[in-house]
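Residues in the sequence shown are numbered consecutively from 16, following the working numbering. Presented below is the structure to which this report refers.
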Amino acid sequence: MKLRDGLLLCKVGDSSVVMATGSAMHLQGLTTVNETGEFIWSLLKSETDEDTIVRAVCETFEVDEQTAREDAHAFIHMLQEAGFLC
Numbered sequence: 016m017k018l019r020d021g022l023l024l025c026k027v028g029d030s031s032v033v034m035a036t037g038s039a040m041h042l043q044g045l046t047t048v049n050e051t052g053e054f055i056w057s058l059l060k061s062e063t064d065e066d067t068i069v070r071a072v073c074e075t076f077e078v079d080e081q082t083a084r085e086d087a088h089a090f091i092h093m094l095q096e097a098g099f100l101c
C-alpha cells in the first residue's frame, strides 16, 4: 500500500493536517494526525505493508507489538476510508 499522489501533510500551528492537491482534489475534508500518524505517513510515501509499519512503530516509539498493530491498523483503516491509499 502507498499514499495517493497529491496528498500533503502540513503543519498548521501545533497540528499536522492532510491536504489534497492536484489529482487528489476530489478527496474531501481535512484529517488531523498525531506524531505516530506523521511517522506512519512518512512510511506510506513509498510502497510498504502493515507488518513493516508495525515493526517500525515498535522500534521508534518503544511500544509493544499489540499496541503498535492496533494503532497502525486503525490509522491505515482511516486512510483507506478517506481514499488516501492506493
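Beta carbons: idealized from backbone N, C-alpha and C, even for Gly. Nothing here was measured: the structure is a model prediction, and the numbers come from that model.
**OP:** Compute the beta-carbon to beta-carbon distance between S30 and T47, rounded to the nearest angstrom, for a pair I have assumed lies under 8 Å.
**Re:** 5 Å
Subject >> Complete runs of the alpha helix (DSSP H) confined to the segment 55 to 81 [at least 4 residues] >> reply: 65 to 76
Original post:
Looking at C-beta atoms only, is the number of pairs between the segment 71 to 83 and the segment 21 to 37 that lie closer than 8 Å three or more?
Top reply: no
Original post:
Could you give the C-beta distance for T51 and M16, rounded to a whole number, given that I count them as a contact under 8 Å?
Top reply: Not a contact, Cβ separation roughly 17 Å.
Original post:
In whole angstroms, what is the alpha-carbon distance linking I68 and A87?
Top reply: 7 Å
Subject >> Alpha-carbon to alpha-carbon, R84 and R19 >> reply: 22 Å
Original post:
Going straight from the alpha carbon of L24 to that of G37, what length do you get?
Top reply: 14 Å
Original post:
Near G98, what residues of its chain come up, given a Cβ to Cβ distance below 6 Å and the 5 sequence neighbours on each side ignored?
Top reply: L42
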